[in-house]
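Chains as they are written, first to last, in my numbering: chain A, 0 to 282; chain B, 74 to 206. A virtual CB, placed ideally from N, CA and C, is assigned to each residue, including glycine. Notes for the one structure printed next.
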């Protein structure tokens, strides 16, 4: 049996770990609240943006715009949003799995990482890694999303990549986060129902020019929305992970306390037995 | 002109404005337009300029830089990437941005002309809006 001193030392080490996990949980709870608020505030913008783009494309019919059809490059650009820090449960590895375990051929991908965890992993696995935007995920601002979308769109226009995807963790609620893969370009809008509810829109300038101007904004808003959701998911995931860690620490502490008390009682009993045995030997 | 329409201005970060208005004016790629209630459905692209909202006797101004506008007969939605009330504008910074952009355009060596022009237009819109405070 471990000595009392060993048990005591382990217990205090677990206790200090628990303090850290508890503090991290509180921090991510606060961050989650803020990220959730931001995600809700931006929702109107994305809904309007989506409606407009859907009605625009359904009206545009089958016009031959470069944004709407794949070009010949076999390469795929994948924007991968992960965290800059770990200790968030399966948050980062779920995203990496989603990129790795599917029908994509590794050599066809160019990874544009947002978040250093993803960048390091894909660099280690030997993927082609493009420009790194890891600093953007700390505090998502719209200007960063604009830079990223300009970069991928110019790659697409230049024919370096044929398709653009974004992989991020969608935020459904505090306990449910869904790793999501979304195709940004070429655009394919599945349901065209909303074109009927609203009056058919006219465009000024002409529809073709409008597509040129609006699609980049649409892509930017998707990237921005993904970043905001990813931040909310990251903090929710970390909150959960740290909550579990704190609970585990509680369990370990209580079982160590039990062991410690038992060892102490054992020591007392042994001492008493020795004294009694000694006294009997004398008499 | 009793009829009003619902004007919503949203940015990715916040709902900037959401009230009934009599008229809204702004700058588009095709020129300046003013919209009353009952306008034909139209979508236009914004160019940097001043946004003027008229509600009865009160007139509100803001600097609107980028985005697009969805106009429906009873509803106007401005999806703005950047929009600021005059009180939020740092005029000194806008002036220096204007000088910088002008300098870049006059030198014209290997710069991104479109970007410098956009910066110039933005700074001019900001300065003008800030004066309307």
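Query	Result
Among B:83, B:93, B:82, the one whose alpha carbon lies nearest that of residue 129 of chain B	B:93
For residue 78 of chain A, three-class secondary structure by DSSP	strand
Cβ-heavy atom distance, residue 19 of chain A to the ligand NAP, below 6 Å	What this structure holds is no ligand at all, so the ligand NAP is not there to describe.
Beta-bridge pairing of residue 90 of chain B - partner residues as DSSP gives them	B:82
Close beta carbons around residue 159 of chain A, own chain, < 6 Å, minus the five adjacent residues each side	none
Residues within the segment 203 to 223 of chain A neighbouring chain B, beta-carbon criterion of under 9 Å	203, 204, 208, 209, 212, 213, 216, 219, 220, 223
Strand pairing of residue 169 of chain A, partner residues [DSSP]	A:177
Close Cβ partners of residue 86 of chain A (< 8 Å) along its chain, the five nearest in sequence each way excluded	23, 237, 240, 241
Within-7 Å CB hit, residue 226 of chain A to chain B	no
Per-residue DSSP class, three states only, for residue 10 of chain A	helix
CB-CB length for residue 195 of chain B against residue 112 of chain B, believed under 8 Å	Between residue 112 of chain B and residue 195 of chain B the Cβ distance is about 27 Å, and since that is not below 8 Å, they are no contact.
CB contact below 7 Å: residue 152 of chain B versus chain A	yes
Chain-ordered chain A contacts of residue 87 of chain B [CB-CB under 7 Å]	40
Bridge partners - residue 77 of chain B, DSSP secondary structure assignment	BP columns for residue 77 of chain B are empty, so no partner.
Candidates B:120, B:152, B:79, of which the one nearest residue 105 of chain B by Cα	B:120
Test: residue 11 of chain A CB closer than 7 Å to a CB of chain B	no
Pairwise C-alpha distance: residue 123 of chain B and residue 89 of chain B	15 Å
Environment of residue 199 of chain B [buried if 16+ CB atoms lie within 10 Å]	buried
Collapsed DSSP secondary structure at residue 182 of chain A in the structure displayed	strand
Option nearest residue 99 of chain B by Cα separation, candidates B:110, B:172, B:136, B:175	B:136
Test item: CB-CB of residue 80 of chain A and residue 167 of chain A under 7 Å	yes
Opposing strand residues paired with residue 139 of chain B [DSSP bridges]	B:155
Members of the segment 118 to 137 of chain B near chain A, C-beta cut-off 7 Å	118
Same chain, Cβ closer than 7 Å to residue 230 of chain A, five either side skipped, listed in chain order	34, 136, 139
For residue 142 of chain A and residue 94 of chain A, the rounded distance between their alpha carbons	24 Å
Spatially closest choice to residue 31 of chain A from A:44, A:66, A:172, A:75, by CA coordinates	A:172
Alpha carbon of residue 14 of chain A to alpha carbon of residue 91 of chain A, nearest angstrom	27 Å
Alpha carbon of residue 132 of chain A to alpha carbon of residue 82 of chain A, nearest angstrom	11 Å
Run of the alpha helix (DSSP H) containing residue 98 of chain B, from where it starts to where it stops	Taken as a continuous stretch (DSSP letters only), residue 98 of chain B belongs to no alpha helix (DSSP H), being part of the beta strand (DSSP E) at 96 to 101.
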